[in-house]
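Residue numbers (this note's numbering), protein chains in the order written: chain D, 152 to 880; chain P, 152 to 880.
By construction, the Cβ of each residue, glycine as well, lies at the ideal position given by its N, Cα and C atoms.
Predicted model, so just to flag it, every value in this text is computed and none were measured.
Notes follow the structure.
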């Protein structure tokens, strides 16, 4: 399957439910304070094209529509029921829906599992009946749904226009807020909205899959408080982002927020930093502020992607060119370096005092001639070094600020920008300080599908999302995720032994696991007698060695005099061994001493940490960071879902703030990044191959310009997991 | 002078210039494309109360106002001239203005010093004439000025309303952008605007002082690309912030932005991080994003300050309560811990499923009863643990979303909030998702001076600024900046000796400087012979010592075998000395060896760095950070203008991200912060007392739970500065 062109294998059942030819409104009402009234108003006002069947035993007509006393008596064949009645009535109604052939029900009532044990029992009862009758459930406890392209507006929101932004939101207020924002700025329209509610049947991931398939949705936008099956979500997201942008705002970025979220939805929030890393790994565009959701969704919906992160700025005000440069730089975007040819062309059309270095500052050249801005945009868009074009300043307002007579020229400029946007494959993003008052030239740009922003900050977030998406798609096309290795029978047996004995792997076993899968682990020999010492001396030659006592009775080896460093040659080794034995026995006369471990001294380098965890939400995850304070104090770590692609591994190494240290500081050579990337990939493959491996911790690994040395390895064994034929096949 | 109640000693001449009884518009025009037309329109449309004298030799009337052929022929006594003519004409016109008794001139033309050498000469000529005739200059190359409370609108901006936000902006586009934003959201009004332009006479700092004095300005708002006399700016800012909030947006936060700014204004940008620290030290509210300028200015103008950073959130939607919690936490604010009494009162009015833990989630309790939100606000505002109240959700929209019949109750709620805002000293900040469409209840709140936001992010920035300002004012009231010490004659002589010899201080001199001002520096003795060694052994007793060769010929002491560590007792010292001498002479037979330096081994602890620099813009500045990668790679440092207050010093230690390390990690004890604060204050005093000290670098200082040890000290001497009587007095 080509992930860009392809379609998801299973068509979501939501297509039928959310585009019904008829709808039963159970609990429809003429009382304006009732939800059953609101929904009727929404359907009627928006001109729902199918049949509406209000169900209410106490009314003949509701808002001019004939009402029916029960579901059984409805004459047509509605696919969807909206249930507005209280929780207790729901299980019975679901059975009735099922008997009437209704395929899906939207259940607004709360008072189910989110409430108490009694509610949970009611929810189970409801689900049992839904399954028995083949009725799919949206909710319960949902804020509702709409599908504006089918004029199905069960929320009765005023003034929402059909468009291409699909929304799934775990907060009804958030949907409302986005709808009001869209109404206010008048640019964005919506396709489908779903409030997942308790997700007792159809869940978050199913809704995302549906938005991925929905032809009216060009961008899927999600407000998430907590994931349930995060691992599956990442899989679905990967499929959907290959086809269209997915924008996620995840709340609970702080401990305070997570506490608030868990009291709201009861969802387990998990580490925010990890969640963000994993979402990005699946191609999701993550926004960090709630007021960026709609601008970013709009921009991605209209422009989809940029080839890269090199932005050309055209500005008619030096101050705002500076602000734009600051924000671009902070967002990890680059100011494109314009070619000499481009600069020459700009010089030909601009005043001498203009700056033709990016950010281009026209310095008054356009005051009497605003369409010249379009010419400048065309010139920079033609430059191979430019991935996207950012117009900053007062375009649209020249005829207001300077002279009305400029309106004609300004409209010509707008027309030229529209032509340019069609001709060039590069995104054009416009910030104008006149955006709030929507002058004609900006209205023209907007009609033609160019996004116009009232905030430099928001425009830059859009440019950043476009660049990230373009780069993501490029690397996804280039490579697939690295395949897992086949588990080795003797290592699977080793895990089983540990499981039987109710213990984790011994360090030497952990190191064996690594070694057998191609990870270089320094040789370690346990010397038990003079003969073994002679043999070890033979093998290590003149290599400086570390020697450590091996005894289950001696925990603090150094305190017991059980460690000798920088030992070279057989004579010194013998002396060191005797000293260690003597000292340890003096320290604890009863200690059972197995022998002395001999291994080469670790080379100097940078300490890094690799860890594998099985996250309860997201499954197996690899963590990488620098050792010591970087992980513990600065929390400067990167996470990726296992298995990693090569790009993922490379990206992890570049992501951490301490990457400068890996690149070499204070005259140190850069570490061998390709060896490090190779190590990350091998660890990922091992974790993928052995489901019995619950956690893995390489801490520290010393990396330097020659490669790496795994100093310590720890593997926690999943005592529950019993390897199946499949997992050892 | 009480800094809160007091007034600035000198009244700014700008009061007369910016509130003139008459204005001459030189170069007034009937051509709508000319600036001399725009200005006339602005004055007439806004109803300027004084006399308008268009000056244009070619016209009798301009826009219905009698024109005058020259300045000399004007009949009245205008205080102000607006000069709209090209640069070359300006010097002559200034003389004419002066002869006519005009006190100030606003000069729009560019083509002066910002252009080229010829322009610079023209500017000098203009200034010579201005000084000769006592005419004060705004500009040249200014975007203009307005003083809306005097209906003096020389920019001819439409739809700007008089209000209490004063603005100084180094970008005309930025002013325009703020004016359009204010027009759009319809809440904010302006007092005075000035574009400082080339600042050839009146400068940035004078304008700030004027806004500080101006009775119509409740908050001064500045867009700054670069400071000139930054030290003086900080002084003026300190005086003004004691009276009213000062909001600064400083562009050039990144290298890319600084490059763009310098090509725009030619201003030297300086370190952004340092600038932000110094501005905050002077009580300035720094905003980081351009779209936060107006929201923060508005909020500070209306609400001025909060007692602290403990915020109570009242929300009608769990999702947005979560977002608010995230943003508050990220901004360094706290979710106030509500007292049991407060929670009990909330429980009495809310549904059982409501959460009375902050963030308070009313969970549907207000759906049919929105005025209950005001009741909740009143309950939490009465809690001593609460410094400000943040209402989050759909207030104002209940009558739109639920039922029109709720409008009456919603208006009662708004009225109750207005009453509460008057009764409580605590700021009430409202985010409503209905803000964009301005429903009646929100309009009522706004009329009463409560700021209403359309973005949780902006509302939180306002809460943060209110809390910071409240805490700043509290500490300013408590303490003044620490006074400088008196220079000691022998140390001044030491500096003079170094100056004469054209060198910096020797390390031992630098340490002497520190010691003589009460900083503990470990004892160091240079041992030149056996007798001195015996004497040193006597003094150090059983203290473990470090011994190092002292020789100008041996740079790499360790390589030469010139260092011995952990030496204890006279015999070992003697042996170490002999070994050092032998080894060094073997290393370089010709080396001239002065002796061997003996000092106690540095204790274990955390390495920190203290530095003093004389910044070209901001003058003497103290820098503090952790050693090694923290300064070099992570740039995790704090800056304060010298002299520091005790609060400044304490604040520096708390500001760095690595503060956790000072608090003790991995079982280490916390370092002695009071000793560290004491060290910072002493270094500040020394730098203040000795202007000959150009730079000071204590790197590293080892701090631990027992105190600190200055390991290395370096002092760079200002070779230009000659100590005056004053500076040594």
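Taken through DSSP and simplified to helix, strand or coil, residue 568 (chain P) comes out as helix. When the beta-carbon positions are compared, residue 281 (chain P) and residue 190 (chain P) stay at least 8 Å from each other. Sequence-distant partners of residue 474 (chain D) (beyond 5 residues in either direction) whose C-beta falls short of 6 Å from its own C-beta, in its chain, are 607. The stretch 864 to 872 of chain P and the stretch 660 to 674 of chain P touch, with three or more beta-carbon pairs separated by less than 8 Å. Going by C-alpha positions, residue 492 (chain P) is about 9 Å away from residue 534 (chain P). Buried is the label assigned to residue 477 (chain P), since at least 16 other Cβ atoms lie within 10 Å of its Cβ. Between residue 789 (chain D) and residue 761 (chain D), the alpha-carbon positions lie close to 10 Å from each other. Residue state for residue 384 (chain P) is assigned as helix, using DSSP reduced to three classes. With respect to residue 448 (chain P), residue 398 (chain P) sits close: the two C-beta atoms are nearer than 8 Å. Using a Cβ-Cβ cut-off of 9 Å, residue 549 (chain D) is close to nothing in chain P; its nearest Cβ partner there is about 11 Å away.
The beta carbon of residue 269 (chain P) does not come within 8 Å of any beta carbon belonging to chain D, so the residue lies off that interface. Apart from the 5 residues on each side of it in sequence, residue 849 (chain P) sits with its Cβ closer than 6 Å to the Cβ of 761, 861 and 864 in its chain, given in chain order. Looking only at D:674, D:869 and D:701, the smallest Cα-Cα distance to residue 688 (chain D) is reached by D:674. Under the 8 Å criterion on CB atoms, residue 811 (chain P) is classed as interfacial with respect to chain D.
A straight line joining the alpha-carbon of residue 636 (chain D) with that of residue 653 (chain D) spans about 26 Å. Beta-bridge annotation (DSSP): residue 582 (chain P) is paired with P:543 and P:604. Residue burial annotation: residue 838 (chain P) is buried, with at least 16 other C-beta atoms found within 10 angstroms of its C-beta. In this structure, residue 487 (chain D) sits near residue 538 (chain D), with a CB-CB distance shorter than 8 Å. Beyond the five residues adjoining it in sequence on each side, residue 358 (chain P) comes within less than 8 Å, by CB distance, of 165, 319, 345 and 347 in the same chain, given in chain order.
Taking 8 Å as the upper bound for CB-CB distance, residue 582 (chain P) and residue 599 (chain P) are not in contact here, some 17 Å apart. Runs of the beta strand (DSSP E) spanning 3 or more residues and lying entirely within the stretch 756 to 835 of chain D occur at 757 to 766, 770 to 777 and 788 to 792, in chain order. With its beta carbon less than 8 Å from one in chain D, residue 816 (chain P) belongs to the interface. In the DSSP assignment, residue 844 (chain P) falls within the beta strand (DSSP E) that extends over 844 to 855. Identification of residues in the stretch 432 to 443 of chain P having a C-beta nearer than 7 Å to some C-beta of chain D yields 440, 441 and 442, given in sequence order. Counting of Cβ neighbours within 10 angstroms places residue 267 (chain D) among the exposed residues, the total staying below 16. Bounds of the alpha helix (DSSP H) holding residue 196 (chain P) are 186 to 196. Note that the C-beta distance between residue 568 (chain D) and residue 579 (chain D) is below 8 Å.
Within its own chain, the residues whose Cβ lies closer than 8 Å to the Cβ of residue 645 (chain P), once the five positions on either side in sequence are excluded, are 656, 660, 663 and 664, listed in chain order. Nearest to residue 518 (chain P) by C-alpha distance, out of P:552, P:499 and P:529, is P:552. Any Cβ of chain D closer than 8 Å to the Cβ of residue 325 (chain P) would place that residue at the interface, and such an atom is present.
Apart from sequence neighbours up to five positions away, the residues of its chain that approach residue 530 (chain P) with a beta-carbon distance below 8 Å are 493, 496, 497 and 500, ordered along the chain. Per the coordinates, the alpha-carbon of residue 650 (chain D) lies some 57 Å from the alpha-carbon of residue 427 (chain P).
If you compare the alpha carbons of D:184, D:303 and D:546 with that of residue 201 (chain D), the shortest gap goes to D:303.
If you look at residue 505 (chain D), you'll find it isn't in any beta strand (DSSP E); DSSP assigns it neither H nor E. Non-local beta-carbon contacts of residue 695 (chain D) in its own chain, meaning distances under 6 Å to residues more than five positions away in sequence, involve 717, 719 and 752 in chain order. The beta carbons of residue 206 (chain D) and residue 176 (chain D) sit closer together than 8 Å.
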